[in-house]
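If you count by the numbering used here, then the sequence shown holds residues 39 to 500, one letter each, in order. As structure tokens, the structure follows; a few thoughts come after it.
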Amino acid sequence: MNENDFIESILQEKEGVQLSLFSHADIEIVGQSVCAFLNTNGGRIIVGVDHDKQVSPLNNLEEAYNALRYFIYNEITPQSLIGIRKEQYQNGTVILIEVIEGNKKPYSIKGRSYVRIGNETVTASDNDMSVLIRTNKIDDYTWEKTPDLEATIEDLNKEQIYNAIDLANKMGRVAKFSSNDPVEFLTRYQLFRNSKLTNAAIVLFAKDPTYFLPQCRVRIIDFGLGKTGNRYENIVLIEENLFKTYTEIQNYFRKNLPIISDFSEKDWKRNDDYKYPLEALDEAVINALMHRDYSDSTGEVLIGIYPDKIEIINSGKLLLSDKDLKKTHSSNPPNPVLTHIVFLCGIIEKVGRGTILINESFDKRNLESPTWVNKNGAVILTLHSTPKKIELNNRMEMYLDQVGDELFTREDYMNYFENPLSERTARLDIQKLQEIGLLQKIGDGSVTRYKRTSKELPDNAG
């Protein structure tokens, strides 16, 4: 799914509680909608698209983008997890704002709070404020915010905290943190409350997290030629905080995964690459570390390496099906405090798109699609190394062979063949070619065109 497709998929939805469109960048009005999304169910805002879902070019795009970022990150309090970025759509650029429902309600701008009612942003009533405050009190009792009665500031790795402050300031996803005081930083992000460190602080920054929380462990098992009882070739146990664990797993994969060599007949070059796309492995690992159920004291993450797959297992439960995880969907992280810090430090780039990015990485390599399942209180992600079978009929292959770089319409495709195709057959063919990444859709409505992508057909197509 390219950027065009991602925006297109969002625009399939109706404007409502979780989607708002703005034809121009009215900073305060857009900011009020962001505030309302935080106080309601989260959602997405697209600036540069009108209510008829047509692109409305933004004047002074960079200036508008920077002004929005500054206003949202500095004027909305308390700070929360909000992604703001530019996206290409059709022949222009829009601003996409992704908002996860806040866990520190009520959120406000200059002392005034807002909520979403249908497709409108309205000032919160007295009754709305009462509900938001009650919701916040309930949220105070989550596992992440529970104090650890034994741990002290000295049990944390202060260098990592300083590094997190520096990264957060450099990424610019938050109002600049001027102090270099670890306690002030921890307090701002709900990691130090009532003079006690929280469980989330231990997970993120503890020198020895498993002393306090044994469930922070990660176990990597290489089963060699296959899973045969208790036989395995290698086992690695990691008992570090989230940041160090993530780095150690990255290093393990880069050191131990096999390199695959392909020879390209197109440019007569040998291409060497890892057996699995590393960007997908990184995303899968950080997802498991962020989203596992830390309240389960036996919930370590298990990574199993087999000849033809990698399994990443974490405690917890998926709220969406495997099919829905591969499409545009709202994000509802089970550990919002952890997710917020990881986002601020730039380890995750796009809010709510991790599963989509994993699937796309495997699709680009023509590998079998990853699968997510719930089983016995755990989430199992299976990453396959086997090429996927692409089913193309003869007419698809015939057309792709001759179309080159030319733009074409559905009618062009219908009429190319000696016996013209029906509208339905042409539509289904083109839809399938888009889904497997061989065609790109350009434009919308009556000006829709299609273009052959650079993706090559694998040897097992047919």
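No residue lacks a Cβ here, since even glycine has one placed at the ideal position from N, Cα and C. Remember, it's a predicted structure, so these values are computed and weren't measured experimentally.
Please determine, among the options, the residue with the shortest C-alpha to C-alpha distance to residue i.
| i | options | result |
| --- | --- | --- |
| residue 220 | 200, 154, 238 | 200 |
| residue 506 | 131, 394, 93 | In the structure as shown, the chain starts at 39 and stops at 500, and residue 506 therefore has no counterpart that could be examined. |
| residue 102 | 86, 112, 92 | 86 |
| residue 69 | 161, 125, 313, 203 | 161 |
| residue 357 | 378, 412, 340 | 412 |
| residue 179 | 195, 142, 212, 152 | 142 |
| residue 190 | 240, 169, 174 | 240 |
| residue 229 | 376, 401, 455 | 376 |
| residue 128 | 486, 144, 341, 494 | 486 |
| residue 324 | 370, 482, 288, 51 | 288 |
| residue 469 | 481, 455, 488 | 488 |
| residue 319 | 255, 275, 421, 236 | 421 |
| residue 104 | 94, 93, 65, 72 | 65 |
| residue 67 | 145, 50, 373, 159 | 159 |
| residue 144 | 163, 174, 164 | 174 |
| residue 256 | 233, 243, 282 | 282 |
| residue 393 | 322, 235, 72 | 322 |
| residue 494 | 480, 475, 481, 482 | 475 |
| residue 298 | 423, 466, 373, 196 | 423 |
| residue 146 | 192, 166, 196 | 166 |
| residue 116 | 198, 60, 225, 402 | 225 |
Could you give the first and the last residue of the continuous alpha helix (DSSP H) run that contains residue i?
| i | result |
| --- | --- |
| residue 281 | 280-294 |
| residue 401 | 392-402 |
| residue 324 | 316-329 |
| residue 112 | 99-113 |
| residue 65 | 65-77 |
| residue 370 | Where residue 370 is concerned, there is no enclosing alpha helix (DSSP H), given that its DSSP letter is neither H nor E. |
| residue 385 | Looking at the DSSP string, residue 385 is not in any alpha helix (DSSP H), and its letter there is neither H nor E. |
| residue 473 | 461-473 |
| residue 220 | 220-226 |
Could you tell me the boundaries of the beta strand (DSSP E) in which residue i lies?
| i | result |
| --- | --- |
| residue 60 | 57-60 |
| residue 422 | 416-422 |
| residue 81 | 81-85 |
| residue 490 | 487-490 |
| residue 340 | 339-343 |
| residue 152 | 152-155 |
| residue 478 | 477-480 |
| residue 275 | 272-276 |
| residue 126 | 120-127 |
| residue 160 | 158-161 |
| residue 134 | 130-137 |
| residue 435 | Looking at the DSSP string, residue 435 is not in any beta strand (DSSP E); the run it does join, the alpha helix (DSSP H), is 432-441. |
| residue 256 | 256-260 |
| residue 348 | 347-353 |
| residue 412 | 409-413 |
For my contact list, residue i and residue j are in at a C-beta cut-off of 8 Å; report their separation, rounded to the angstrom.
| i | j | result |
| --- | --- | --- |
| residue 278 | residue 238 | That pair is no contact at about 16 Å. |
| residue 390 | residue 368 | 7 Å |
| residue 81 | residue 153 | Contact flag wrong, Cβ pair sits at about 12 Å. |
| residue 335 | residue 252 | 6 Å |
| residue 295 | residue 312 | 5 Å |
| residue 50 | residue 79 | 18 Å between Cβ atoms; not a contact. |
| residue 185 | residue 231 | 6 Å |
On the CB-based measure, 16 or more other CB atoms within 10 Å of its CB, does residue i come out buried or exposed?
| i | result |
| --- | --- |
| residue 172 | exposed |
| residue 304 | Note that residue 304 scores a pLDDT of 47, beneath 50, so its modelled location is shaky; the value from the coordinates is reported in the next line. Label assigned to residue 304: exposed. |
| residue 267 | At residue 267 the pLDDT is 44, less than 50, meaning the model places this residue with poor confidence and gives no usable figure here. |
| residue 76 | buried |
| residue 223 | buried |
| residue 330 | buried |
| residue 92 | exposed |
| residue 484 | exposed |
| residue 108 | exposed |
| residue 194 | buried |
| residue 346 | exposed |
| residue 415 | exposed |
Does the region 433-442 touch the region 396-413, meaning 3 or more C-beta pairs lie closer than 8 Å?
No, the region 396-413 does not touch the region 433-442.
Three Cβ pairs or more, each shorter than 8 Å: is that satisfied between the region 200-216 and the region 380-389?
Contact holds: three or more Cβ-Cβ distances are below 8 Å.
The region 40-55 touching the region 72-88, judged by at least three CB pairs closer than 8 Å:
Remark: three or more beta-carbon pairs, one from each stretch, lie closer than 8 Å, so the region 40-55 and the region 72-88 are flagged as touching.
Quick check: the region 334-351 against the region 111-122, are there 3 or more CB pairs under 8 Å?
Contact between the region 334-351 and the region 111-122 is absent, because fewer than three Cβ pairs lie under 8 Å.
Is the region 419-428 in contact with the region 441-453, if contact means three or more CB pairs nearer than 8 Å?
No, because fewer than three Cβ pairs between the region 419-428 and the region 441-453 fall closer than 8 Å, the two stretches do not touch.
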